[in-house]
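**Q** Per the UniProt record's numbering, the sequence shown runs over residues 1 to 518. Using N, Cα and C, we set each Cβ at its ideal position, and we do this for glycine too. Sharing a structure here in structure tokens format.
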Amino acid sequence: MSLSPFTYTSDASDNSISLPPEVNSSGEYDKTLRNNGWLHGFRVDNMDGPQVVGLQVASYADGAIPYIEEKNDTFVEMVNTYTKRGSNYVHHDVKNRHNAPGAWVTRRTIVSRLRVQILPEDLTAMSDFQLAIEEALKRPTRFEQFHGVYRALSRWGDVVPLDIEMGYSLSLTDTEANFSRLPPGTLDYSLTHLPMINTANITRKGATSYMGWSETSTMIDVPAIEWRLIKVIEVMPTIKLLPNELQAQLTNIYAERLTYVPPLTIAPISDLCKLNDDTVNASKNIWRVEIRGASHIIGLSVHYFDGVISRGGRDGGNHHMFTLTEGEYIIEMLTCADGEWLRGMQFITNMGRCSVIYGSLEGVPVISRSKGGILVGLTTSTKKHPEWDYLVTSVNGIWRRDFIRSVPKEDDVYSDYFGARTESGTGFNDRALIGNSSSMQVSGVEIWSGVDIDGIQLCFGTNRGRTSDICGGGTGRSFSTSAPMDKLGRYYRLQYILGKCDNSRLNGVMFAWTPDLS
Numbered sequence: 001m002s003l004s005p006f007t008y009t010s011d012a013s014d015n016s017i018s019l020p021p022e023v024n025s026s027g028e029y030d031k032t033l034r035n036n037g038w039l040h041g042f043r044v045d046n047m048d049g050p051q052v053v054g055l056q057v058a059s060y061a062d063g064a065i066p067y068i069e070e071k072n073d074t075f076v077e078m079v080n081t082y083t084k085r086g087s088n089y090v091h092h093d094v095k096n097r098h099n100a101p102g103a104w105v106t107r108r109t110i111v112s113r114l115r116v117q118i119l120p121e122d123l124t125a126m127s128d129f130q131l132a133i134e135e136a137l138k139r140p141t142r143f144e145q146f147h148g149v150y151r152a153l154s155r156w157g158d159v160v161p162l163d164i165e166m167g168y169s170l171s172l173t174d175t176e177a178n179f180s181r182l183p184p185g186t187l188d189y190s191l192t193h194l195p196m197i198n199t200a201n202i203t204r205k206g207a208t209s210y211m212g213w214s215e216t217s218t219m220i221d222v223p224a225i226e227w228r229l230i231k232v233i234e235v236m237p238t239i240k241l242l243p244n245e246l247q248a249q250l251t252n253i254y255a256e257r258l259t260y261v262p263p264l265t266i267a268p269i270s271d272l273c274k275l276n277d278d279t280v281n282a283s284k285n286i287w288r289v290e291i292r293g294a295s296h297i298i299g300l301s302v303h304y305f306d307g308v309i310s311r312g313g314r315d316g317g318n319h320h321m322f323t324l325t326e327g328e329y330i331i332e333m334l335t336c337a338d339g340e341w342l343r344g345m346q347f348i349t350n351m352g353r354c355s356v357i358y359g360s361l362e363g364v365p366v367i368s369r370s371k372g373g374i375l376v377g378l379t380t381s382t383k384k385h386p387e388w389d390y391l392v393t394s395v396n397g398i399w400r401r402d403f404i405r406s407v408p409k410e411d412d413v414y415s416d417y418f419g420a421r422t423e424s425g426t427g428f429n430d431r432a433l434i435g436n437s438s439s440m441q442v443s444g445v446e447i448w449s450g451v452d453i454d455g456i457q458l459c460f461g462t463n464r465g466r467t468s469d470i471c472g473g474g475t476g477r478s479f480s481t482s483a484p485m486d487k488l489g490r491y492y493r494l495q496y497i498l499g500k501c502d503n504s505r506l507n508g509v510m511f512a513w514t515p516d517l518s
């Protein structure tokens, strides 16, 4: 049901008056509503505050009309925020945003003259907005679908107001320390005192000048045409205006925005275990990863570009930093665990750069990645060791799939790991030589061996049916790996290997296959 229109009555103690339909829908406040973005969307991704967009995103459904309440309320409020961005949003009476830390105080003097409300079910999406979303969802790839939706929201807004107040306000934000240095009476907002405030952020909304502000924080009457939006009490996501089937499609693709690789399976957490999850930071970009440990990984910290640091595990051991350059993102992660503890790891970026292998490759190496995804966080599990305090037991990558159009070498295929599972070794990864190249190829294979290769027997075959001699002895468990085929039936080709070895032997290997571009 919709809010009922009322008849105008004047009451000094209660101005919750109502207006006949012709006033509610297109009467004396119609221009005031249009000037303040009523039925328009707002973007909430700006540091300085919500931004109204130029396109109308909503219209009234089935003859619905808003409830309009005339007011004449004057009040002063003090709002504490811990970030600069939060204080900027307070100037628009939106208090749930945060960014860089800080202790900020905002004093707002508000004269409220009009309140406008509408129920969600009384609004429907404008046809152009709905069409833009439909077209975005028809795009051939998930990346294009995401960015088609993002473009539509940038034009029509993230949210649409349902409950607002208009009038005029004067807001002043500064740190607590700067406020304490102001002379008595400075915060009365008179023309005499305002020039004395040098460090504060001052915002005036509504009215054409400061004339009328006095030491009692009252103001001369201001015509409705000069009223401005001073409070956003309730909003609704603009996608909620869309038909249910479109909302369901948007929910489905948004669920694929983040992936967890390896899959996030959390066992019951005992008193001796801890878990640190970076999902809350998944909208941020990683600046660098800090690795602590030696033969075991002790702790992992993710540093984001906005200054946030997420820490898993503990301090101690050797400290290593893998720092990303501008436009560089982690697209693959190699980890190695011995069944109980994380022993080694390595990062590969979209620029083809490989970090060193931190720790040792004791156990089974695992390559983690997500098609089209970049690393945006880690889920780090730790457990208390009987002698060495807390150590990392496992790490899962959190991958975001809407940031870059394609990931270099994302179609490469890795074989299973073959070789020793309990012995440690010096790790190697020829991806460091290959980088992002898809054209570099194996031109020959040289193998030195005696009776055996002390752990692995090798025989290579080509796409033309030729095979090499068997190198090494015939003892031990046999294995075989073959090149995968693409959708057209063409074989991939071997491009490089990775694995581990000790001083005298190769004791573990994985094969990396890349599509044949010929």
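1. Tell me the start and end of each unbroken beta strand (DSSP E) in the UniProt domain "Jacalin-type lectin" (285-379) that is at least 3 residues and wholly inside, in chain order.
2. Let me check one thing: in DSSP terms, what residues is Ala125 bridge-paired to?
3. Is it buried or exposed, Arg405, if we count other Cβ atoms within 10 angstroms and call 16 or more buried?
4. Provide the residue(s) that pair with Arg151 in DSSP beta bridges, ordered along the chain.
5. Are His385 and Leu378 touching if we call contact CB-CB under 8 Å?
6. By a C-beta neighbour count over all protein chains shown, 10 Å radius and 16 as the cutoff for buried, is Arg113 buried or exposed?
7. For Leu241 versus Val57, is the C-beta distance shorter than 8 Å?
8. Spatial neighbours of Met236 within its chain, please: C-beta separation below 6 Å, excluding the five flanking residues on both sides.
9. Taking C-alpha atoms, which residue in Asn507, Gly425 and Asp416 lies nearest to Trp513?
10. With a 10 Å radius around its C-beta and 16 neighbouring C-beta atoms as the bar for buried, classify Arg181 as buried or exposed.
11. Going by DSSP, which residues form a beta bridge with Tyr67?
12. What did DSSP end up calling Ser387 once you bin it into helix, strand or coil?
13. From what residue to what residue does the alpha helix (DSSP H) around Leu250 run?
14. Hey, how far is the Cα of Glu165 from the Cα of Asp306?
15. Whose C-beta lies closer than 6 Å to the C-beta of Glu290 among residues of the same chain, with five residues either side of it excluded?
16. Trp399 bridges to which residues according to DSSP?
17. Just list the residues that DSSP pairs Asp174 with in beta bridges.
18. Around the Cβ of Asn72, are there at least 16 other Cβ atoms within 10 angstroms (buried) or fewer (exposed)?
19. Helix, strand or coil for Trp227, going by three-state DSSP, please let me know.
20. For Glu134 and Ile367, I'd like the C-alpha separation in whole angstroms.
21. Kindly list the residues whose CB is nearer than 7 Å to the CB of Asp389, restricted to its own chain and excluding five residues on each side of it in sequence; keep chain order.
22. Taking 8 Å as the cut-off, decide whether the C-beta atoms of Gly344 and Tyr329 are in contact.
23. Quick check on this structure: which residue in Phe418, Gly427, Gly206 and Tyr414 has the alpha carbon closest to the alpha carbon of Gln495?
24. Identify the continuous beta strand (DSSP E) that holds Ile202 and give its terminal residues.
25. For the alpha helix (DSSP H) that contains Ile434, what are its first and last residues?
26. So who's on the other strand from Glu165, going by DSSP bridges?
27. Anyone know if the C-beta pair for Gln247 and Ile239 falls short of 8 Å?
28. Got a sec? Which residues, its chain only, sit under 6 Å from His303 by beta carbon, not counting five neighbours each side?
29. Would you tell me roughly how many angstroms separate the C-alpha atoms of Ile253 and Glu144, rounded to the nearest one?
30. Report the rounded CA-to-CA distance for Gly212 versus Val222, giving the unit in angstroms.
31. Return the CA-CA distance between Ser154 and Gln51, expressed in angstroms with no decimal places.
32. What's the gap between the Cα of Leu39 and the Cα of Ser59?
33. Taking only the alpha-carbon atoms, compute the straight-line gap between Arg505 and Phe418 and give it to the nearest angstrom.
**A** Checking against the coordinates, here is how it stands:
1. 286-293, 297-304, 309-313, 318-323, 330-337, 342-349 and 364-368
2. Ala58
3. exposed
4. In DSSP, Arg151 forms no bridge with anything.
5. no
6. buried
7. yes
8. Pro120, Val160 and Leu162
9. Asp416
10. exposed
11. Gln117
12. Per the sequence shown, the amino acid found at residue 387 is Glu instead of Ser. Correct three-state label for Glu387: coil.
13. Asn244 to Ala255
14. 33 Å
15. Ser301 and Met321
16. Thr259 and Leu375
17. Val105
18. exposed
19. coil
20. 37 Å
21. Arg314
22. no
23. Tyr414
24. Asn201 to Lys205
25. Arg431 to Ile434
26. Arg115 and Lys231
27. yes
28. Trp287, Arg288 and Ile309
29. 11 Å
30. For Gly212, the predicted structure reports a pLDDT of 49, less than 50, and the residue's modelled location is therefore unreliable. A value from the coordinates is still provided. About 10 Å.
31. 10 Å
32. 7 Å
33. 14 Å
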